[in-house]
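In terms of our numbering, the sequence shown is residues 1 to 974. Using N, Cα and C, we set each Cβ at its ideal position, and we do this for glycine too. Owing to the predicted nature of the structure, the values given are computational and were not obtained by experimental measurement.
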Amino acid sequence: MPLLEPKPEVLRPGAARTPSPDRVPDVRATGTPEPLRGELTALLGPEKVLWTVSDLVKYASDASPYRFVPQVVVVPEDIDDISAILSYAHGKGREVVFRAAGTSLNGQAQGEDILVDVRHHWAGVEVLDDGARARIRPGTTVMRANATLARYGRLLGPDPASAIACTIGGVVANNASGMTAGTTRNSYRTVASLTFVLPSGTVVDTADPAADELLARSEPQLCEGLLALKAEIEADAELTARIRAKYEIKNTNGYRLDAFLDGSTPVQILRGLMVGSEGTFGFISEVVFDTLPLDRKVSSALLFFPSLTAAAAAVPRFNEAGAIAVELMDGNTLRASVSVRGVPADWAELPKETAALLVEFRAPDEPGQEAYEQAAAAVVEGLDLVAPVASVTNEFTREAKVISGYWKARKAFVTAVGGSRPSGTTLITEDFAVPPSLLADACEALLRLQAEHGFDAAVAGHAAHGNLHFLLAFDAAKPSDVDRYAAFMDDFCRLTVERFDGSLKAEHATGRNIAPFLELEWGPKATELMWRTKQVIDPDGVLAPRIVLDRDPKAHLRGLKTIPEVELIADPCIECGFCEPTCPSHDLTTSPRQRIVLRREMMRQPAGSPVETKLLDAYGYDAVDTCAGDSTCKLACPVGIDTGAMMKDFRHQRHSSREERIAALTARNFKAVETSARLAVAAADKIGGRLLETVTGLARKAVRPDLVPEWLPEIPGAAPRELPRTSRVGASAVYYPACVNRIFGGPEGHRGPSLPQAVVAVSARAGKPVWIPEDVAGTCCSTIWHSKGYDEGNAVMANRIVEAAWGWTAGGRLPLVVDASSCTLGIAHEVVPYLTEDNRELHRELTIVDSLVWAADELLPELTILRKTGSAVLHPTCSMQHLGDVEQLRTVAEACAEEVVVPDDAGCCAFAGDRGMLHKELTASATAKEAAEVNSREYDAYLSANRMCEIGMDRATGRAYHSVLMELERATRP
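Below you can see the structure in the form of structure tokens.
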């Protein structure tokens, strides 16, 4: 064991705990039992079988209120693996559940036996027919697919609020729709063809002209059974009429029986049945969508009403005016959304009775937009709107930033309201639909029912389509709370069906919590047909039992998960999974959601239990060490949970007092450290990279991998010893070259000026000269200590840099320009909690400007572009995302290159200062997709604005990245 390896028990929860009734039992501490583990390992290979108790726990939760711990998790790479898993399950009498993003709200992504992760190796988009169609793999997020299609002026029909995280496989399997899809733009209506694997292992491509012939040859009984069911349904006029009527409004409860009416052959019937089948009929390996036009002329308004029923009553008028979306939010939803970044703070003061409609019109051109705006104005004129707080305007706008803010608040319904629920409570998200003409009555009845059962109201929904969502929070550890939930569900389901003839699931699919009520909605005849359909397609019941069909009237009460309290920063988490696609480590070890899920399981356990011990043993590397600490999870989380900050705190807790003292000593003597580091980098060119790799490798084994960086061949040579000479007299700004740019030079082979030289030169050309203080050596943005959780060292440097900056800028009279985005973020924001009260006052007087903003806003207007490179690919860093500087990166790059590309898969590189040297596997995993996209073609320039991130991308792509400011200097050089 390395000399300074931290003790796992340091992170053992210290709070007094009562073991939870749904804790993982001690017998599961050893993970997947034999022979299951050995047989699957032999079948698939060890890298595709996840078997430790930590693996099983982190896959046991999704965005739903349920939790089921699988026996094993497998990660297939291709259809051959899928077929092998299904064949194994048939032969051994086992059950299989497919899981992609885990954003489903009803437990569809959970299984109690073999759980199959179909996200990791199943992403990809192929644009067909100039964007008219797209072939998409099931692990691709909706947002990622739409990013590619946007270049062609197209988009997908389904637009769920979870588009940032939910994947195409889940969207199709649940027939998810969203804000605008309704009944005409959902998956059922826009899927052109599917490729899927049946429970038997048979692969069907519905686009193949010979598909029916091939299926009849391989699955004759299946074909006969489907055609017999079709004939039976069509012979029953009353049933046929009922089926058609059920799909006049949004409905995802049960199987799509209209597939038997819409399809004339077994393959066509299967194509329809697979949509909304929730993984119970097969694995969808590929989807071809018919795409829709992306109308870019958008007008939106957030209109406030005195009550929910008043808002609902206005919906039909906007539908008639041609609105593509009419979204409803009640007062509780509006007030809770103030936790979402960008939402006006005064919404917290809105009266409880207030409600709002988010109304949007989209047109392909200016005349169409003007016509819609006139129609909207006529509707608004006849409404009694209210403006309870100052930020309310009740006006339509074309401003993209404002519209984006409206949608951000609306899409955060589940997470924002759920995040504000009482600590320790489980969240249930219900989704139903009624005929749009009955929406106002349904709202009123729902509010009354919630009050009767003691639940706080929180209602939102796709009002244009009569589709409402509401939330219930209760303590699943209390039998009385579970009974209250059960009683509410009984009354709610009867109300929806018997009074409104509605759908118990409009777009979230049946799942575990509505399966017991399926017959209530559909009646015995149609429900029995669904059971027979399942028997025809999956006669052995291998796939996803109990998720759509369940005869147990209390099935929705089984597996409800408790939510034990964890660290304050993470406690609001509802495990929605929005954070996962942005996380650099999610394909390597754990995601932010899984870090919290594992922590919650520790809290469920009695202190010192075998399960807790095993979880702690794995948590150090899987959760703490391999967290990049970039906090992009905070940006993706609608309630701003910063799991990266929690991991940094855990790093701090693992430090010995000796380590903290040494870290503080390096901060106090950073001038010597900086000089030594630059000399070491300079000497490396003479010593040789291979020897340094060997030496650092041995040191890592002896001391600790998380303390000693590994020397990488991509590390550049040393920066020039001297910074450019500048004058304070006449300076427009103080220029602070970050310590990484004082230590490391530019990319190998670069013959132009260094970054500091480039910034000085281009600023002078724009008539805005900058001054570099003579005493910058020995100062730092403090991120070195902050990212590792060294609080004392962090405080030393944070206060030093703020005091120095205040002096350099003459008390804040000049802006401080910083040439590395992570350092800008550090000085502008991350140092604040570590400052003394006096230095916080000084910090408030500073104007800290990222060099990208300086270049785009201050320099470019004054510069003459003399030459451009042909093409440039950009790497926006996570710090730019936090600072909101990505557009400035693009602006500067577009001034320097004829073509500028931001990869669709661009994300955090996870180099994170030196973390890419501590855990190079983290950067390799984080950059894999972006690197593949970058290397799919040649570019003339590879640009970013952070030296360590550029090194990370050098390593990932084999290309030489450099600062966009160096490119700007070249473009404007006389």
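Segment contact: the stretch 271–278 against the stretch 521–528, fewer than three CB-CB distances shorter than 8 Å; contact not assigned.
The closest CA to that of residue 786, considering only 811, 650, 734 and 268, is found on 650.
Collapsing the DSSP output to three states places residue 297 in a strand. Taking 7 Å as the cut-off, the beta carbon of residue 154 is found closer than this to the beta carbon of residue 131.
By the Cβ test, the stretch 752–761 is not in contact with the stretch 642–657, since fewer than three Cβ pairs between them sit closer than 8 Å. Looking at the backbone, the Cα of residue 408 and that of residue 171 are separated by about 20 Å.
In the pairwise beta carbon analysis, the stretch 19–36 is classified as touching the stretch 50–70: at least three pairs are separated by under 8 Å.
Taking a cut-off of 8 Å for Cβ pairs, the stretch 287–304 and the stretch 190–200 touch, as three or more such pairs fall below it. In chain order, 305, 328, 355, 356 and 357 place their CB closer than 7 Å to the CB of residue 311, counting only its own chain and leaving out the 5 sequence neighbours on each side. In the displayed model, residue 476 falls within coil according to three-state DSSP, outside both helix and strand.
Rounded to the nearest angstrom, the gap between the Cα atoms of residue 394 and residue 303 is 5 Å.
DSSP, read as helix, strand or coil, puts residue 531 in helix.
Within the stretch 369–429, the complete alpha helix (DSSP H) segments of 4 residues or longer fall at 400–411 and 413–419, listed in chain order.
Between residue 13 and residue 603, the gap from beta carbon to beta carbon is short of 7 Å.
Ranked by how close their Cα comes to the Cα of residue 717, the residues 735, 382, 741 and 733 have 741 in first place.
Secondary structure within the stretch 158–205: the beta strand (DSSP E) runs of 3 or more consecutive residues, fully enclosed, are 191–197 and 203–205 (chain order). Contact between residue 186 and residue 157 holds, with the beta-carbon distance rounding to 6 Å and staying under 8 Å.
Residue burial is scored here from C-beta neighbours: residue 61 has at least 16 other C-beta atoms within 10 angstroms and is therefore classed as buried. For residue 83, the enclosing alpha helix (DSSP H) begins and ends at 79–92. Within the same chain, 733, 847 and 849 come within 6 Å of residue 815 by CB-CB distance, once the 5 residues on both sides are set aside. Residue 113 and residue 94 do touch by the CB rule: their CB atoms are close to 5 Å apart, below 8 Å.
Taking C-beta atoms as the reference points, residue 911 and residue 778 fail to come closer than 7 Å. Rounded to whole angstroms, the separation of the alpha carbons of residue 633 and residue 582 is 6 Å.
CA-to-CA, the gap between residue 69 and residue 660 works out to about 39 Å.
Taking C-beta separations shorter than 7 Å and ignoring five residues to either side along the sequence, the partners of residue 364 in its chain run 293, 295 and 297, following chain order. Following the DSSP letters along the chain, one finds residue 99 in no alpha helix (DSSP H) but inside the beta strand (DSSP E) bounded by residues 96–99. Taking all protein chains shown into account, residue 533 has 16 or more neighbouring C-beta atoms within 10 Å of its C-beta and is therefore buried.
Burial is judged here by how many other beta carbons sit within 10 angstroms of a residue's own beta carbon; residue 510 has at least 16 and is buried. Judged by their CB atoms, residue 859 and residue 766 are nearer to each other than the 7 Å cut-off.
Within the stretch 428–494, complete alpha helix (DSSP H) segments of at least 4 residues are found at 439–452 and 479–494, given in chain order. According to the DSSP secondary-structure assignment, residue 310 is paired through a beta bridge with no residue.
Residue 412 and residue 663 have their C-alpha atoms spaced approximately 40 Å apart.
Residue pairing by DSSP places residue 503 opposite 433 in a beta bridge. Look at residue 29 here: in three-state DSSP terms it is coil, with no helix or strand label. Residues 48 and 121 of the same chain have their beta carbon placed closer than 8 Å to that of residue 77, with the five preceding and five following residues left out of the count.
For residue 866, the closest of 103, 617, 545 and 973 by C-alpha to C-alpha distance is 973.
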